[in-house]
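A short worksheet on the structure shown next.
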Amino acid sequence: ITSAISLDENYDTYVVSKDIFSNVYLHKHLPQDRYVALCLPVAISEDVASTLFQSIASIKTAKLEDGKITFTTQTENSVEAGKVYLVKAKKTVDELICLGVSLITSAMPEPVKIGNLTLHGTYRVHEHTAGSYILNYEGTAFVPATGRAHIKGFGAFIK
């Protein structure tokens, strides 16, 4: 193992580089009973992802109606660096440990246009104001960010 990488949803700093073999420690609350948005700076292979997640989905379409954004998804088997996914953990955890991950790719999240909306992945804590939508607690729709809503790192929002 070249190094260990610790990623924490409550902090803004992380160091990830390409072409290393590492243990990845992600400090993020991941429940097993609902979807949460996940965007990572590293790729997780199908073999490793199948031990961590009961479900992985990418957002394919999104539509704003009645003040919230509903979406359709496509089932995925692995996690690409810099892309947004909705995931359900195999069991509820506050730390996800991926041992011996080959970090062949590392990427910054790029905004993705879905119709007239833009999906943003983020690696750092964000404070949102009017015009941003965040995933609701149930993980079923993106709802308007109210007041000064915070989104934790390694998540996503739509604007």
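Numbered according to our numbering, the sequence shown terminates at residue 1319, and the numbering increases by one at each position without gaps.
Cβ atoms here follow ideal geometry from the backbone N, Cα and C, with glycine treated the same way.
Since the structure is predicted, the reported quantities are computational estimates derived from the model, not experimental observations.
Select from H1189, E1169, I1294 and S1166 the residue whose C-alpha is nearest the C-alpha of K1250. Within the sequence shown, the letter at position 90 stands for residue 1250. Out of H1189, E1169, I1294 and S1166, H1189 has the C-alpha closest to the C-alpha of K1250.
Report the rounded CA-to-CA distance for K1243 versus S1205, giving the unit in angstroms. Counted from its first residue, the sequence shown places residue 1243 at position 83. Counted from its first residue, the sequence shown places residue 1205 at position 45. Each residue's alpha carbon lies about 14 angstroms from the other.
Go ahead and pull the three-state DSSP assignment for S1182. Stepping through the sequence shown from its first residue, residue 1182 is reached at position 22. In the structure shown, S1182 sits in a strand (DSSP, three-state: E or B).
Let me confirm a value: H1310 is counted as buried when at least 16 other C-beta atoms fall within 10 Å, else exposed. Which label applies? Taking the sequence shown and counting its residues from 1, the one referred to as residue 1310 is at position 150. With fewer than 16 Cβ atoms within 10 Å of its Cβ, H1310 is classed as exposed.
For D1168, which residues does DSSP report across the bridge? Residue mapping note: residue 1168 aligns to position 8 of the sequence shown, counting from 1. D1168 is bridged to H1187.
If we ignore side chains and look at the alpha-carbon of each, how far apart do D1236 and V1196 end up? Position 76 of the sequence shown, counted from the first residue, corresponds to residue 1236. Position 36 of the sequence shown, counted from the first residue, corresponds to residue 1196. The question names Asp, yet the displayed sequence has Glu at residue 1236. When rounded, the distance between both Cα atoms is 15 angstroms.
L1269, buried or exposed, once every other Cβ within 10 Å from all chains shown has been counted against 16: Here residue 1269 refers to the residue found at position 109 when the sequence shown is read from its first residue. Sequence check: residue 1269 is Pro here, not Leu. By the 10 Å Cβ count, P1269 comes out buried.
Given a cut-off of 8 angstroms, decide if Y1283 and G1307 are closer than it, judged by their beta-carbon atoms. Numbered from 1 along the sequence shown, position 147 holds the residue referred to as residue 1307. Numbered from 1 along the sequence shown, position 123 holds the residue referred to as residue 1283. The answer is no: Cβ separation not under 8 angstroms.
Cut-off 7 angstroms between Cβ atoms - residues of its own chain near V1253, not counting five sequence neighbours on either side: Counting from 1 along the sequence shown, the entry for residue 1253 is found at position 93. L1190, listed in sequence order.
Once DSSP output is grouped into helix, strand and coil, what is the label at V1196? Here residue 1196 refers to the residue found at position 36 when the sequence shown is read from its first residue. It is a strand residue.
My output table needs one value for A1249: the three-state DSSP class, helix, strand or coil. On the sequence shown, position 89 is the one that residue 1249 refers to. Looking at A1249 - three-state DSSP - the assignment turns out to be strand.
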